[in-house]
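**Student:** Taken in order, these protein sequences are the chains called A and B.
Take 60 as the starting number for the first sequence in our numbering and just add one per residue.
Take 5 as the starting number for the second sequence in our numbering and just add one per residue.
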Amino acid sequence: MSAPLLEVDGLRKHYGRRIGCAEVSFTLWPGEVMGIVGESGSGKSTLLSCLAGHLASDGGQILYRDRSGHAHAVANLSEAGRRRLAREEWAYVHQNPRDGLRMGVSAGGNVGEPLMARGQRHFGDIRAAALDWLERVEIAQDRIDDVPRDFSGGMQQRLQIARSLVNGPRLVFMDEPTGGLDVSVQARLLDLLRGLVRDLGLSAVIVTHDLAVVRLLADRLMVMQGGYVVESGLTDQVLDDPQHAYTQLLVSSVLQV
Amino acid sequence: MSGYNFAYLDEQTKRMIRRALLKAVAIPGYQVPFASREMPMPYGWGTGGVQVTAACLVPEDTLKVIDQGADDTTNAVSIRAFFARVADIATTEHTRDASVIQTRHRIPEAPLREDQILVFQVPIPEPLRFLEPRETETRKMHALEEYGLMHVRLYEDIARHGEIAKSYAYPVRVEGRYVMDPSPIPKFDNPKLDDCPALQLFGAGREQRIYALPPYTRVESLDFEDYPFKASRPDHPCALCGARDSYLDEVVIDDAGGRMFVCSDTDYCNDRRAAGHRGEMAAPFEEMPE
Ligand SMILES: Nc1ncnc2c1ncn2[C@@H]1O[C@H](COP(=O)(O)OP(=O)(O)OP(=O)(O)O)[C@@H](O)[C@H]1O
Ligand SMILES: [Mg+2]
Numbered sequence: 060m061s062a063p064l065l066e067v068d069g070l071r072k073h074y075g076r077r078i079g080c081a082e083v084s085f086t087l088w089p090g091e092v093m094g095i096v097g098e099s100g101s102g103k104s105t106l107l108s109c110l111a112g113h114l115a116s117d118g119g120q121i122l123y124r125d126r127s128g129h130a131h132a133v134a135n136l137s138e139a140g141r142r143r144l145a146r147e148e149w150a151y152v153h154q155n156p157r158d159g160l161r162m163g164v165s166a167g168g169n170v171g172e173p174l175m176a177r178g179q180r181h182f183g184d185i186r187a188a189a190l191d192w193l194e195r196v197e198i199a200q201d202r203i204d205d206v207p208r209d210f211s212g213g214m215q216q217r218l219q220i221a222r223s224l225v226n227g228p229r230l231v232f233m234d235e236p237t238g239g240l241d242v243s244v245q246a247r248l249l250d251l252l253r254g255l256v257r258d259l260g261l262s263a264v265i266v267t268h269d270l271a272v273v274r275l276l277a278d279r280l281m282v283m284q285g286g287y288v289v290e291s292g293l294t295d296q297v298l299d300d301p302q303h304a305y306t307q308l309l310v311s312s313v314l315q316v
Numbered sequence: 005m006s007g008y009n010f011a012y013l014d015e016q017t018k019r020m021i022r023r024a025l026l027k028a029v030a031i032p033g034y035q036v037p038f039a040s041r042e043m044p045m046p047y048g049w050g051t052g053g054v055q056v057t058a059a060c061l062v063p064e065d066t067l068k069v070i071d072q073g074a075d076d077t078t079n080a081v082s083i084r085a086f087f088a089r090v091a092d093i094a095t096t097e098h099t100r101d102a103s104v105i106q107t108r109h110r111i112p113e114a115p116l117r118e119d120q121i122l123v124f125q126v127p128i129p130e131p132l133r134f135l136e137p138r139e140t141e142t143r144k145m146h147a148l149e150e151y152g153l154m155h156v157r158l159y160e161d162i163a164r165h166g167e168i169a170k171s172y173a174y175p176v177r178v179e180g181r182y183v184m185d186p187s188p189i190p191k192f193d194n195p196k197l198d199d200c201p202a203l204q205l206f207g208a209g210r211e212q213r214i215y216a217l218p219p220y221t222r223v224e225s226l227d228f229e230d231y232p233f234k235a236s237r238p239d240h241p242c243a244l245c246g247a248r249d250s251y252l253d254e255v256v257i258d259d260a261g262g263r264m265f266v267c268s269d270t271d272y273c274n275d276r277r278a279a280g281h282r283g284e285m286a287a288p289f290e291e292m293p294e
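#1: Any idea what DSSP makes of Met-145(B), helix, strand or coil?
#2: Starting from Asp-230(B), find everything on chain A with Cβ-Cβ shorter than 7 Å and list it in chain order.
#3: Buried or exposed: where does Met-162(A) fall if 16 or more other Cβ atoms within 10 Å of its Cβ makes it buried?
#4: Does the beta-carbon of Lys-18(B), which I'm using as the reference point, lie nearer than 6 Å to any heavy atom of ligand 2?
#5: Taking the straight line between their C-alpha atoms, what separation do you get for Asp-241(A) and Asn-155(A)?
#6: Can you pull the chain A residues whose beta carbon is under 7 Å from the beta carbon of Gly-152(B), in chain order?
#7: Between Asp-198(B) and the rest of its own chain, which residues show a CB-CB distance below 6 Å, the 5 nearest in sequence each way excluded?
#8: Report yes if the C-beta of Lys-103(A) is less than 6 Å from at least one heavy atom of ligand 2; otherwise report no.
#9: How many angstroms separate the CA atom of Gly-50(B) from the CA atom of Gly-209(B)?
#10: May I ask whether a heavy atom of ligand 1 can be found less than 6 Å away from the beta carbon of Ser-312(A)?
#11: Would you list the one or two residues that DSSP bridges to Tyr-12(B)?
#12: Check whether the Cβ atoms of Ala-109(B) and Asp-271(B) sit closer than 7 Å, and answer yes or no.
#13: Beta carbon of Pro-218(B), beta carbon of Glu-118(B): below 7 Å?
#14: Arg-77(A) by DSSP, collapsed to three states: which one?
#15: Just to confirm, does His-303(A) get its C-beta within under 6 Å of one of the non-hydrogen atoms of ligand 1?
#16: Along chain A, which residues have their Cβ under 9 Å away from the Cβ of His-146(B)?
#17: Which of the three DSSP states, helix, strand or coil, is assigned to Phe-85(A)?
#18: Check whether the Cβ of Gly-100(A) sits closer than 6 Å to any heavy atom of ligand 1, and report yes or no.
#19: Could you list which residues in chain B have their beta carbon closer than 8 Å to that of Val-164(A), in chain order?
#20: Pull up the distance between the alpha-carbon of Gly-262(B) and that of His-240(B), whole angstroms please.
#21: For Trp-49(B), does the three-state DSSP call read helix, strand or coil?
#22: Pick helix, strand or coil for Pro-190(B), following the three-state DSSP scheme.
#23: Closer than 8 Å is the cut-off here; do at least three beta carbon pairs connect the segment 140-148 of chain B with the segment 223-238 of chain B?
#24: Under the three-state reduction of DSSP, which class applies to Ala-130(A): helix, strand or coil?
#25: For Arg-141(A), report the span of its alpha helix (DSSP H) as first-last.
#26: Where in the segment 266-315 of chain A do unbroken runs of the alpha helix (DSSP H), each at least 4 residues long, occur, reported from the N-terminal end onward?
#27: Does the beta carbon of Ala-260(B) come closer than 7 Å to any beta carbon on chain A?
#28: From this set, Glu-149(B), Arg-19(B), Tyr-159(B), which residue's C-alpha is nearest Glu-229(B)'s C-alpha?
#29: Tell me which residues share the same chain as Gly-292(A) and place their Cβ nearer than 6 Å to its Cβ, disregarding the 5 neighbours each side in the sequence.
#30: Enumerated in chain order, which unbroken segments of the beta strand (DSSP E) with a length of 3 residues or greater are wholly contained in the segment 208-287 of chain B?
#31: Taking 6 Å as the line, does the beta carbon of Tyr-151(A) fall inside it for any heavy atom of ligand 1?
#32: In the DSSP assignment, the beta strand (DSSP E) including Phe-124(B) goes from what residue to what residue?
#33: May I ask which residues mark the beginning and end of the alpha helix (DSSP H) holding Met-214(A)?
#34: Return helix, strand or coil for Glu-194(A), following the three-state DSSP convention.
#35: Run down chain A in chain order and give the residues with a C-beta less than 8 Å from the C-beta of Ala-163(B).
#36: Can you find a C-beta in chain B that's less than 7 Å from the C-beta of Ala-145(A)?
Listed below in structure tokens is the structure:
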């Protein structure tokens with residue numbers, strides 16, 4: 060059995076005296092998708108930002124094991140080290156595609172940038188990879204030279220996903236990847252994500268307050284409230300037989316999917 | 005030259021600029037901040053270059069100033085006159101006779117030597133500026149050698165125009181480390197930056213940056229394997245001297261669409277004509293400048 064990809068132990072982040080997240084511990088194994096759900100303000104984004112090293116945590120451990128088997132303490136990484144992992148091992152899908160795309164650069168340039176950042180210098184190869192990825196996220200190939208500013212919200216989000224996956228990341232962080240989209244667009248994106256997660260065997264941590272998203276994508280689930288993880292386990296188990304009162308409320312308050 | 009310190013700037017300012025220059029030479033292609041001074045000319049007229057030149061000049065120097073390759077444009081003439089007045093140094097229009105050459109937009113055609121200094125006037129020193137306007141971010145990108153963005157820019161060119169359309173200020177990589185903007189010289193001049201025997205100094209007045217290429221520095225123009233860099237020039241000989249190896253300016257000669265291509269480096273063109281070379285529009289018994 061292979062070693063865990065991510066080991067989190069007693070993670071804590073405060074904003075002044077307010078708790079961002081606290082006492083978070085979990086292990087993510089290769090090929091596993093972890094869902095994080097909870098109401099607004101429960102600490103989901105805070106947790107994800109700490110995991111990806113965007114935010115400095117106040118306590119606890121985050122260990123990430125890279126391709127070569129070397130374990131990095133994410134909190135202690137230098138800026139250069141963190142950026143290297145972000146470039147070569149991870150991907151981050153933002154809720155707002157604006158935060159993850161260059162709006163003035165063509166779709167092909169957006170998808171090609173991570174390749175160029177890793178030293179690819181063959182235009183034809185970069186363009187072929189971009190075309191391939193546009194197809195995989197269901198964007199017509201003849202849009203390759205258009206800028207994302209001219210794309211719909213759903214297309215922008217799919218482009219962001221293509222850009223984040225083109226380098227073959229080992230771990231993908233997603234913060235509300237279907238948020239801010241209307242329902243039919245959400246459904247299509249969710250379908251696409253499910254296909255990609257399955258085909259690529261992605262490891263991911265997905266933050267959402269949409270239970271449908273975790274039902275479809277996540278193997279395991281953590282439920283957060285007030286910065287703490289109040290319940291965790293296999294997704295189906297937690298959703299079908301919630302133990303904690305807050306989870307029960309959460310599950311009963313949405314229409315069953 | 006009474007009333008002025010030698011070369012206009014006071015000695016303390018010159019020392020400050022020389023310290024920046026030494027640092028720039030020690031880290032080729034790295035942009036060193038310096039406290040740019042008010043000069044008796046507006047920004048955009050080469051205040052950065054003028055300050056670098058002032059800090060380098062010694063009384064024995066012979067100065068040449070060119071603008072777009074020509075010694076006789078307003079900008080070149082006034083900077084040359086300025087230093088002749090405030091430093092009382094010799095000036096020349098001949099590349100081979102100059103010890104210091106200040107330039108805007110060109111590198112002379114004549115090969116440079118180890119005993120020469122070439123000073124470039126730079127409007128915008130940051131090659132990453134167009135895609136990343138935040139200075140804090142571009143500094144980090146230089147520090148961490150994150151230059152993917154530069155290639156995104158070239159990618160966009162090829163995607164849109166079928167080739168790298170950028171013909172001026174074409175970005176280079178210095179000694180395999182820093183990416184540098186060579187100032188708005190035509191990309192035709194880029195190969196001259198590489199392995200050049202002369203010391204090359206770059207001054208940006210408004211942006212308060214100095215950078216440098218020490219003699220014999222490796223300078224590569226960025227490109228793609230399947231779209232290699234090409235130092236292009238119009239495919240004509242010079243109409244006056246017949247040169248096929250020089251950078252040409254297109255000159256409109258009448259109101260009927262007539263035009264001619266002539267060397268942009270006037271000194272080079274004059275030298276060739278003095279040596280008897282003739283282009284197809286040269287006057288048969290032309291009087292040659294001294
Ligand atoms: N930059 C900040 N400064 C101060 N407090 C913050 C900051 N960011 C978040 N918080 C607080 O930390 C707590 C957790 O916020 P977080 O953004 O992680 O929640 P979330 O679960 O992602 O919510 P949402 O579903 O609305 O995105 C909240 O009480 C929030 O007000
Ligand atoms: Mg959030």
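Ideal placement from N, C-alpha and C gives every residue a C-beta, glycine not left out.
Computed from a predicted model, the values in this text were never measured in an experiment.
**Tutor:** Once the coordinates are examined:
#1: What you label residue 145(B) is simply residue 141 of the second sequence in a count that begins at 1. Correct three-state label for Met-145(B): helix.
#2: Taking the second sequence and counting its residues from 1, one reaches residue 230(B) at position 226. By Cβ distance, chain A contributes His-181, Phe-182, Gly-183.
#3: As a working mapping, residue 162(A) is identified with position 103 in the first sequence. Classification for Met-162(A): exposed.
#4: The sequence position of residue 18(B) within the second sequence is 14, counting from 1. No; taking the cut-off as 6 Å, the Cβ of Lys-18(B) has no heavy atom of ligand 2 nearer than that.
#5: Position 182 of the first sequence, counted from the start, is the residue given in the question as residue 241(A). Position 96 of the first sequence, counted from the start, is the residue given in the question as residue 155(A). Their backbone Cα atoms lie some 14 Å apart in a straight line.
#6: For the purposes of this step, residue 152(B) is taken as the residue at position 148 of the second sequence. The answer, in chain order, is Glu-172, Met-175, Ala-176.
#7: One-based indexing of the second sequence puts residue 198(B) at position 194. Excluding sequence neighbours, Asp-198(B) sits near Val-223.
#8: If you number the first sequence from 1, residue 103(A) lands on position 44. Indeed, a heavy atom of ligand 2 lies less than 6 Å from the Cβ.
#9: Walking along the second sequence from the start, residue 50(B) turns up at place 46. Walking along the second sequence from the start, residue 209(B) turns up at place 205. If I take the Cα positions, the gap works out to 7 Å.
#10: To locate residue 312(A), count along the first sequence from 1; it is residue 253. Ser-312(A): no, Cβ never under 6 Å from ligand 1.
#11: Taking the second sequence and counting its residues from 1, the one referred to as residue 12(B) is at position 8. Asn-9(B).
#12: Position 105 of the second sequence, counted from the first residue, corresponds to residue 109(B). Position 267 of the second sequence, counted from the first residue, corresponds to residue 271(B). Per the sequence shown, the amino acid found at residue 109(B) is His instead of Ala. The answer is no: Cβ separation not under 7 Å.
#13: Taking the second sequence and counting its residues from 1, the one referred to as residue 218(B) is at position 214. Taking the second sequence and counting its residues from 1, the one referred to as residue 118(B) is at position 114. Not a contact, by the Cβ cut-off of 7 Å.
#14: Residue 77(A) sits at position 18 when you count from the first residue of the first sequence. Reduced to three states, the DSSP call for Arg-77(A) is strand.
#15: The residue labelled residue 303(A) in the question sits at position 244 within the first sequence. The answer is no for His-303(A).
#16: One-based indexing of the second sequence puts residue 146(B) at position 142. Simply none; closest approach about 12 Å.
#17: The count along the first sequence starts at 1 and reaches residue 85(A) at position 26. Strand.
#18: Taking the first sequence and counting its residues from 1, the one referred to as residue 100(A) is at position 41. Under cutoff, so the answer is yes.
#19: Residue numbering aside, residue 164(A) sits at position 105 when the first sequence is read from its first letter. Going along chain B in sequence order, the residues near Val-164(A) (Cβ under 8 Å) are Leu-135, Val-156, Glu-160.
#20: Taking the second sequence and counting its residues from 1, one reaches residue 262(B) at position 258. Taking the second sequence and counting its residues from 1, one reaches residue 240(B) at position 236. Between Gly-262(B) and His-240(B), the C-alpha separation is close to 15 Å.
#21: Working through the second sequence from its first residue, we reach residue 49(B) at position 45. Here Trp-49(B) sits in coil by DSSP.
#22: To locate residue 190(B), count along the second sequence from 1; it is residue 186. In the structure shown, Pro-190(B) sits in a strand (DSSP, three-state: E or B).
#23: no
#24: Counted from its first residue, the first sequence places residue 130(A) at position 71. Ala-130(A) falls in the strand class under three-state DSSP.
#25: As a first step, residue 141(A) must be located in the first sequence, where it is residue number 82. Looking at the DSSP string, the run of the alpha helix (DSSP H) that includes Arg-141(A) is 138-147.
#26: 270-276, 294-299, 304-311
#27: Residue numbering aside, residue 260(B) sits at position 256 when the second sequence is read from its first letter. Answer no: the Cβ-Cβ gap between Ala-260(B) and chain A never drops below 7 Å.
#28: As a first step, residue 229(B) must be located in the second sequence, where it is residue number 225. It is Tyr-159(B) whose Cα lies nearest to the Cα of Glu-229(B).
#29: Along the first sequence, one-based indexing puts residue 292(A) at 233. Within the same chain, Gly-292(A) has no close Cβ partners at all.
#30: 213-217, 223-225, 252-256, 263-267
#31: Translated into positions along the first sequence, residue 151(A) becomes position 92. For ligand 1, not one heavy atom lies less than 6 Å from the Cβ of Tyr-151(A).
#32: Along the second sequence, read from residue 1 onward, the residue named residue 124(B) stands at position 120. 121-125 is the span of the beta strand (DSSP E), which, as asked, contains Phe-124(B).
#33: Your numbering for residue 214(A) matches position 155 in the first sequence. Per DSSP, Met-214(A) belongs to the alpha helix (DSSP H) from 212-224.
#34: For this step, residue 194(A) is matched to residue 135 along the first sequence. It is helical.
#35: Indexing the second sequence from 1 puts residue 163(B) at position 159. Here the neighbours are Ser-165, Gly-167, Gly-168, Arg-186, Ile-203, Asp-204.
#36: Residue mapping note: residue 145(A) aligns to position 86 of the first sequence, counting from 1. False, the Cβ-Cβ gap to chain B never drops below 7 Å.
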